[in-house]
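Peer 1: I am attaching a structure below and will ask some questions about it afterwards.
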Ligand SMILES: C[S@@+](CC[C@H](N)C(=O)[O-])C[C@H]1O[C@@H](n2cnc3c(N)ncnc32)[C@H](O)[C@@H]1O
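Numbering (the working numbering), first residue to last: 8 to 228.
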């Protein structure tokens, strides 16, 4: 899987909108649902917070919300930290480098956007989802988006065409094609539903889809 250090981290913000068709819409549709479901003083856990883009958007919606930005890449979190300084929101964000299980504060909602597809389904996906469930209050919502296993034989080729239309170079598209095979661990819908259930979440509802990328919301039981 990509390790999101140094060069990958510094290029992330300029590349991600070319790699994930609808990236900004995914964030906005997630944020809109939080806007209408969370109250003042809510605490939001962002798993795989990366360069802090989710938190930057969410912080503008409600000035009383607090955040935990968790990630396994310190280089991504360094960029996030600078973003939070620039936005003057450092007092509202706790940065956590490491596993989500080490986080103390229980969250009212959790986000895990474009993260779990990098985690192998050998017990690691289950560990990640279970850790998120432990950090979430009962009835708290998890918003999770991933590259899913293709449902047609042409879906991934179409995705590459779309990414190139959004500015991805041919070389980067070739790399992405290779990555589809070797760097992602996509789930089909049935396995995803089973894992959520095993980890204490209700059946997920689909709220976002562009070809292989799907966003779901699920509530902790
Ligand atoms: C594609 S980026 C997504 C970042 C952000 N969520 C966004 O939507 O822009 C994936 C992020 O997940 C992080 N990551 C990968 N495996 C992780 C894990 N097991 N736990 C937490 N973060 C992880 C990476 O370091 C990276 O920052």
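Think of the CB as a built atom: it goes at the ideal place given N, C-alpha and C, for glycine as much as any other residue.
#1: Rounding to the nearest angstrom, what Cα-Cα distance links residue 28 and residue 21 in this structure?
#2: What residues in its chain sit with their C-beta under 8 Å from that of residue 207, if we drop five residues either side in the sequence?
#3: Please confirm if the stretch 98–114 is in contact with the stretch 76–84, defined as three or more CB-CB distances below 8 Å between the two stretches.
#4: Using the Cβ count rule (16 or more neighbours within 10 Å means buried), how would you classify residue 173?
#5: Within this structure, are the beta carbons of residue 89 and residue 214 separated by less than 9 Å?
#6: Quick one: what does DSSP say residue 152 is sitting in, helix, strand or coil?
#7: Helix, strand or coil for residue 159, going by three-state DSSP, please let me know.
#8: Taking 9 Å as the cut-off, decide whether the C-beta atoms of residue 119 and residue 94 are in contact.
#9: Roughly how far, in whole angstroms, is the beta-carbon of residue 87 from the beta-carbon of residue 58, given that I think they are within contact range, below 8 Å?
#10: Name the residue from 121, 131, 115 whose alpha carbon lies nearest to the alpha carbon of residue 106.
#11: Output the distance between the C-alpha atoms of residue 14 and residue 83, rounded to the nearest integer angstrom.
#12: Can you find at least 3 beta carbon pairs, one from the stretch 50–57 and one from the stretch 159–169, that sit closer than 8 Å?
#13: Please determine whether the Cβ atom of residue 79 lies at a distance below 8 Å from any heavy atom of ligand 1.
#14: Where in the stretch 83–133 do unbroken runs of the beta strand (DSSP E), each at least 3 residues long, occur, reported from the N-terminal end onward?
#15: I want to check one thing, is the minimum distance from the CB of residue 60 to the heavy atoms of ligand 1 below 8 Å?
Peer 2: Concretely, from the data shown:
#1: 13 Å
#2: 137, 140, 227, 228
#3: yes
#4: exposed
#5: no
#6: strand
#7: coil
#8: Going by C-beta atoms, residue 119 is not nearer than 9 Å to residue 94.
#9: 5 Å
#10: 131
#11: 10 Å
#12: no
#13: yes
#14: 100–104, 114–120
#15: yes
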